[in-house]
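If you read the sequences in order, they're chains F and A. The numbering of the first sequence is numbering that gives the first Met the number 0, which starts it at 0 and goes up by one. The numbering of the second sequence is numbering that gives the first Met the number 0, which starts it at 0 and goes up by one.
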Amino acid sequence: MRKLLLTGASTLALCAFPALAQVDEDAPQGGSMIVTYKDDVATLDPAIGYDWQNWSMIKSLFDGLMGYEPGTTTLRNELAASYDISGDGLVHTFTLKDGISFHNGREITAADVKYSLERVTNPETRSPGAGFFGMIDGFDTWNAGEGEGLSGIEVVNDKTVRITLSRPDATFGHVMALNFASIVPKEAVDEKGEDFGRDPVGSGAFTLAEWTPGQRLVFERFDGYHRAGVPKLDQVTFEIGLEPTVALLRLQQGQADVPGDGIPPAQFLQVMNDPAQADNVIEGGQLHTGYITLNTEMAPFDNLDVRKAVNMAVNKDRIVRIINGRAVPANQPLPPTMPGYAEDYEGYPFDPEGARQMLADAGFPDGFTTELYVMNVDPNPRIAQAIQQDLSEIGITVEIRNLAQANVIAAGGEKDQAPMIWSGGMAWIADFPDPSNFYGPILGCAGAVPGGWNWSWYCNEALDARAAEADAMTGPENAEAREAAWRQIYLDVMADAPWVPVFNEQRFTLTSDAIAGDASLFVDPVHIPVNYDYIYSTEAE
Amino acid sequence: MHSYVLRRLLESALILLGITLVTFVLLYLLPADPARQIAGRSATAETVANIRDQLGLNDPLFVQYGRYLWNLFQGDMGRSYLQRAEVSELIASRLPASLLLMLAAIVTELLIGLTIGIIAALRRNRPVDHTLMIFSFVSISAPQFVIGILLLYVFAVQLGWFPIGGYGTFAHLVLPALTLGFLGAGWYSRMMRSSMIEVLRQDFVRTAAAKGLSKGRIILRHVLPNAILPIIAMIGIDIGLFMSGIVVVESVFGWPGIGQLAWQAIQRVDIPVIMGVTMVSATAIVLGNLLADLVAPLIDPRIKTK
């Protein structure tokens with residue numbers, strides 16, 4: 000098994016670095032691969048697609064102004080030839096590369112950028128990503144359905160677009176690398192209307208050649224791609240409708256190259272114990288944290304000592320064992336691969352004895368009874384049982400509420416319904432590799448609203464203010480100070496213990512021998528399961 | 000007869016109307032908010048409110064239901080919340096695959112079930128009978144998911160006779176049809192066995208034997224046609240059984256039918272798709288039952304159409 004550890008610390012500067020030599024530039028072009036999935040693809044419209052399956056497909060079909068170095072969390076220019084930020088961090092100027100065009104052959108201009116960003120923020124588009132663009136000047140009126148577009152976006156000339164923000168925001172480069180910021184051709188969107196997601200036209204490394212619902216999608220190389228030598232493969236076929244167990248059988252028979260849904264939990268040990276198969280497994284980090292929320296608005300979790308005691312009572316190592324070691328224990332909200340992760344922070348120790356004492360001192364010598372909400376898909380109920388057992392050791396009686404995902408999310412969005420939620424199956428996976436992405440919706444006051452995702456209802460206005468300050472620190476020269484500010488914010492969150500961070504899931508990608516590439520491409524933090532653009536076929540010449 | 004058919008059709012329409020109402024109310028009562036599902040986790044409260052507004056989810060239940068019915072009567076099943084595609088197109092693109100699988104499964108279950116039932120009845124209470132009845136018991140009880148994976152492993156992976164899941168050729172159809180037909184085969188073998196045994200006891204069978212007809216002739220000409228009658232009436236009812244089975248079987252074999260579509264829609268609270276698939280399955284079940292009732296008097300004149 001090849002293991003890969005990503006380092007994120009120095010990768011945050013907003014300007015593009017030269018290529019990091021992660022990618023085998025000389026890899027041969029040609030060949031094809033087959034990726035399997037259980038579920039059909041919901042949509043390939045970059046303004047709408049927002050699940051982990053279509054996320055990287057859209058990345059291969061579309062491009063934004065910004066992107067990432069393959070296999071890393073390092074921002075780079077994609078369609079932009081240059082990206083300048085004014086001294087106050089408010090004015091962001093992008094110049095487009097020369098000679099770039101959409102799959103339909105038309106050249107991409109600055110007007111397309113304006114159109115695309117106004118489309119995704121137009122309330123009629125109903126984009127789940129509209130909120131990411133809240134920092135662009137004029138967003139509030141346009142997103143409320145008033146006015147004539149985003150006043151902050153100005154087309155300077157055919158090649159230049161100037162975006163003015165209403166507040167400085169260091170994450171803007173990442174926002175421009177989100178799928179939601181992909182550049183789309185107006186004429187194709189107008190022609191296809193709501194069906195654009197079935198028949199997408201972008202400027203990415205691949206074009207969609209075929210989509211037979213429930214059966215397969217075929218991506219073919221886009222010869223006019225703006226990066227020479229990319230993509231490596233001529234064709235990627237997605238076979239749809241295959242159970243992970245069946246997908247594994249196909250892979251073993253040489254009829255598939257990547258099981259997109261991963262190694263099924265029931266077969267995980269079998270695969271890892273078989274040297275032939277384990278050799279083809281690549282392990283990497285993921286921008287993911289699984290946690291228990293403690294509702295700070297509900298007694299007795301409104302008591303800080305109770306929350307700390309719960310933090311000390313949960314045996315995280317055992318929970319990691321329950322999922323066959325497919326994760327590493329966590330002690331803070333940020334995952335280890337995220338910039339801002341505090342390596343020297345030790346977190347709350349596992350100490351049931353101390354926890355019991357702390358609970359008694361807080362006025363609960365006999366413990367109390369509470370509820371834990373959990374999504375009803377394996378392994379989450381088993382993890383909930385482990386938590387239940389751990390807490391019973393310190394006198395807390397936990398009743399488990401096993402519900403469908405949507406119902407757990409709904410319960411979390413009510414102020415007085417769910418005292419505890421295990422986040423498994425709904426846990427936070429970062430939209431972009433920046434520490435701020437773990438704060439606002441899940442730990443900030445903005446998320447502590449009915450229907451929000453801050454299920455511990457933790458709202459610390461002083462921290463909110465510091466978060467805003469940190470995000471206003473733009474420019475590469477401030478990157479380090481900004482990272483330190485965010486690190487401290489999360490440590491201060493942990494002092495208030497609204498969560499029990501439990502583990503960070505690891506990714507295990509299984510592949511066939513027929514495809515190859517740098518290990519980082521198979522656990523690419525931005526492309527899941529693999530980076531389709533840079534993987535090559537061992538049969539190509 | 001005509002007025003009977005007309006009345007039954009009218010009844011069926013009323014049942015379908017009732018099903019739309021019940022499904023709609025159940026989905027409405029669901030605590031999960033479809034607007035929030037569409038909006039995703041990064042959406043602001045305004046975005047969610049805007050989506051809810053655009054989809055008309057703020058209207059009272061009866062207004063929403065009335066609008067749905069009105070559109071349905073005009074043949075408009077709405078657009079999927081998540082895929083944004085027309086529900087009717089999504090279903091139409093998948094219905095042929097499901098119907099093909101269902102048809103193949105009916106053929107399979109009849110072939111296996113009737114054969115076993117006949118043999119068991121003729122060898123009643125002998126070891127052959129017991130063995131076959133144990134087999135039918137197993138086939139009724141075994142979960143289809145397990146059977147499907149088992150068949151895949153043995154016949155597709157180990158022996159390589161069939162492709163490992165997928166859709167397209169006759170070879171793709173065999174294993175899913177076997178899996179789906181297996182359950183019904185168990186039922187049919189038991190029904191056929193008891194039906195045969197009953198007919199074998201009838202006076203006319205004894206008379207035929209007394210006439211000196213050969214055993215084969217008695218069974219083929221006199222017993223089988225009579226024993227098979229109650230079975231044929233069951234086929235229509237089977238369609239309902241299959242509607243639940245195809246969700247599992249389609250997902251094991253990657254069969255691109257409406258079961259797969261339904262499963263995904265339920266997971267994501269995609270209400271227009273759930274409604275659409277429910278309507279189509281309900282229609283199939285109601286029509287299947289209707290067909291069974293209409294066919295019954297044709298094959299057995301003792302059943303009167305009242």
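For each residue, glycine too, the CB sits at the ideal point set by N, CA and C.
query: At a cut of 8 Å, does the region 264–279 of chain A reach the region 157–169 of chain A through at least three beta carbon pairs?
result: no
query = Are the region 360–377 of chain F and the region 325–337 of chain F in contact at 8 Å, needing three or more beta carbon pairs?
reply = no
message = Less than 7 Å between C-beta atoms, sequence neighbours within five positions excluded: which residues of the same chain meet that for alanine 275 (chain F)?
response = none
What does phenylalanine 93 (chain F) pair with, by DSSP beta-bridge criteria?
F:Tyr82, F:Val160
Limits of the beta strand (DSSP E) - the one that tryptophan 421 (chain F) falls within:
Secondary structure note for tryptophan 421 (chain F): its beta strand (DSSP E) is the uninterrupted segment 419–421.
Between the region 234–249 of chain F and the region 257–273 of chain F, do three or more beta carbon pairs fall short of 8 Å?
-> Verdict: yes, contact present.
**Request:** Measure the beta-carbon distance from isoleucine 111 (chain A) to alanine 184 (chain A) and round it to whole angstroms, keeping in mind my assumption that it falls under 8 Å.
**Result:** 4 Å
Residues in its own chain within less than 6 Å of lysine 191 (chain F) by CB, not counting five upstream and five downstream? So the qualifying residues of the chain are Asp198.
- [ ] Sort F:Asp62, F:Phe61, F:Asn76 by Cα distance to glutamate 68 (chain F) and report the nearest one.
- [x] F:Asn76
ask   = Got a sec: is the Cβ-Cβ distance from proline 122 (chain F) to anything in chain A below 7 Å?
value = yes
To the nearest angstrom, report how far apart glutamate 219 (chain F) and threonine 206 (chain F) are at their CA atoms.
Taking the CA atoms as reference points, glutamate 219 (chain F) sits about 5 Å from threonine 206 (chain F).
Please name the residue, chosen from F:Asn401, F:Ala308, F:Gln388, F:Pro348, that lies closest to phenylalanine 363 (chain F) on a Cα-to-Cα basis. F:Ala308
With the cut-off set at 7 Å, would you say leucine 520 (chain F) and glycine 30 (chain F) are in Cβ contact? Between leucine 520 (chain F) and glycine 30 (chain F), the C-beta spacing is not below 7 Å.
- Please classify lysine 214 (chain A): is it buried, with 16 or more other beta-carbons within 10 angstroms of its beta-carbon, or exposed? exposed
| request: Name, going along the chain, the residues of the region 146–158 of chain A whose beta-carbon falls closer than 8 Å to a beta-carbon of chain F. | output: Ile148, Leu151, Tyr152, Ala155, Val156
Next on the checklist: Please list, in chain order, the chain A residues whose beta carbon lies closer than 8 Å to that of proline 299 (chain F).
Outcome noted: Per Cβ cutoff of 8 Å: no residues; proline 299 (chain F) is ~25 Å from chain A at best.
*Who are the Cβ neighbours of asparagine 302 (chain F) in its own chain at under 6 Å, not counting the five residues just before and after it?*
Ala361
Between the alpha carbons of glutamate 238 (chain F) and tryptophan 210 (chain F), how many angstroms are there, rounded?
Glutamate 238 (chain F) and tryptophan 210 (chain F): Cα-Cα distance of roughly 10 Å.
TODO: Return yes when the Cβ of valine 376 (chain F) is within less than 7 Å of the Cβ of glycine 424 (chain F), no when it is not.
DONE: yes
_Suppose you measure from the CA of alanine 169 (chain F) to the CA of alanine 478 (chain F); what does that come to, to the nearest Å?_
9 Å
message: Run through the DSSP bridge pairs and tell me what valine 217 (chain F) is partnered with.
response: Valine 217 (chain F) pairs with F:Glu209, F:Thr236.
**Request:** Under 7 Å Cβ to Cβ from aspartate 38 (chain F), same chain only, skipping five residues before and after it: list those, please.
**Result:** Gln52
Checklist entry - chain F partners of asparagine 49 (chain A), CB-CB under 7 Å? => result Pro122
Exercise for the section: Determine contact between the region 4–16 of chain A and the region 395–402 of chain F, defined as no fewer than three beta-carbon pairs at a distance below 8 Å. Expected result: no
| Under the rule that 16 or more other beta-carbon atoms within 10 Å means buried, what is alanine 119 (chain A), buried or exposed? | buried
Cβ-Cβ distance between glycine 147 (chain A) and threonine 178 (chain A) below 7 Å: Cβ atoms of glycine 147 (chain A) and threonine 178 (chain A): closer than 7 Å.
Just how far apart, CA to CA, sit valine 525 (chain F) and methionine 493 (chain F)?
27 Å
**OP:** For glycine 116 (chain A), name the three-state secondary structure that DSSP assigns.
**Re:** helix
(message) Do threonine 277 (chain A) and glycine 130 (chain F) have their beta-carbon atoms positioned less than 7 Å apart in this structure?
(response) no
For a contact defined as C-beta to C-beta under 9 Å, what are the partners of glutamine 53 (chain A) on chain F?
Ordered by position in chain F, the residues that pass the 9 Å Cβ test against glutamine 53 (chain A) are Pro122, Glu123, Arg125.
task = Spell out the partners DSSP gives serine 194 (chain A) in its beta bridges.
result = Serine 194 (chain A) pairs with nothing; no bridge assigned.
When Cβ atoms are compared, which residues of the region 250–263 of chain A fall closer than 8 Å to chain F? Ser250, Val251, Phe252, Gly253, Trp254, Pro255, Gly256, Gln259, Leu260, Gln263
How is glycine 258 (chain A) classed by DSSP in three states: helix, strand or coil?
DSSP places glycine 258 (chain A) in helix when its eight states are reduced to three.
Taking all protein chains shown into account, do 16 or more other C-beta atoms lie within 10 angstroms of the C-beta of glutamate 145 (chain F), making it buried, or fewer, making it exposed?
exposed
**Prompt:** For phenylalanine 61 (chain F) versus glycine 203 (chain F), is the C-beta spacing smaller than 7 Å?
**Reply:** Yes. Within cutoff.
Please state the DSSP three-state secondary structure of threonine 473 (chain F).
coil
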